[in-house]
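Structure first, then comments.
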Amino acid sequence: MATVAVVDDEQDIARLIAARLQRAGHEVALYSDGAAALEGITAHPTEIAVVDWMMPKLDGIALARALRAQESTAHIRLLLVTARSDPDDLVFAKTQGFDDVMTKPFTRESLLSAVARLSDARPLDV
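The opening position of the sequence shown corresponds to residue 1 in the UniProt record's numbering, with each subsequent residue numbered one higher.
Okay, structure coming up:
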């Protein structure tokens with residue numbers, strides 16, 4: 001199973017995502033904002049990050065850009081979870097470094113399926 005960072009300022013949602021991933025066998029680290037996540041992910045090996053878009057200090061888009069810019073974190077698979085549903089926003093997120101995008105609310109099955117796809121994906125050329 002994968003090592004997954006869950007980054008969301010809404011703690012109830014973050015804990016729910018983390019619990020679902022842990023029950024599926026993943027190792028999970030929780031971060032409440034993008035700045036804390038950037039520091040933690042840089043210091044601790046992470047395979048996948050499940051990231052909210054709208055957060056204080058450093059939003060999900062800025063976090064994705066920062067992770068992609070660092071050689072040590074550029075390989076991490078990024079899943080954006082967002083309340084935004086405008087198709088243009090979702091396309092924009094993918095151009096900023098996200099491998100997949102999922103809109104809230106989402107089901108347990110769709111979350112686990114998305115993480116499994118990212119976990120099984122071929123490593124990025126860095």
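We put the CB at the ideal spot given by N, CA and C, even for glycine.
Assignment of Thr46 by DSSP, reduced to helix, strand and coil, places it in the coil class. When only Cα atoms are considered, Leu58 and Leu80 end up about 14 angstroms apart. Closest option to Ala2, judged by alpha-carbon separation, among Leu16, Gly25 and Asp86: Gly25. If you look at Asp120, you'll find it in the alpha helix (DSSP H) that goes Arg108 to Asp120. Residue pairing by DSSP places Leu30 opposite Val6 in a beta bridge. Between Ala36 and Ala5 the beta-carbon gap is near 10 angstroms, outside 8 angstroms, which marks them as no contact. Between Thr73 and the set Asp12, Leu112, Arg117 and Leu38, the nearest pair of CA atoms involves Leu38. Arg77 is a Cβ neighbour of Leu118, given a cutoff of 8 angstroms.
Minimum Cα-Cα distance from Leu63 among the listed residues Gly34, Met54, Gly40 and Val115 corresponds to Gly34.
As a beta-bridge residue in DSSP terms, Leu79 pairs with Val50 and Asp100.
Boundaries of the alpha helix (DSSP H) harbouring Leu16: Gln11 to Arg23, taken from the DSSP string. Excluding its 5 nearest sequence neighbours in each direction, Asp100 has C-beta neighbours in its own chain below 6 angstroms: Leu79 and Ala114, listed in chain order.
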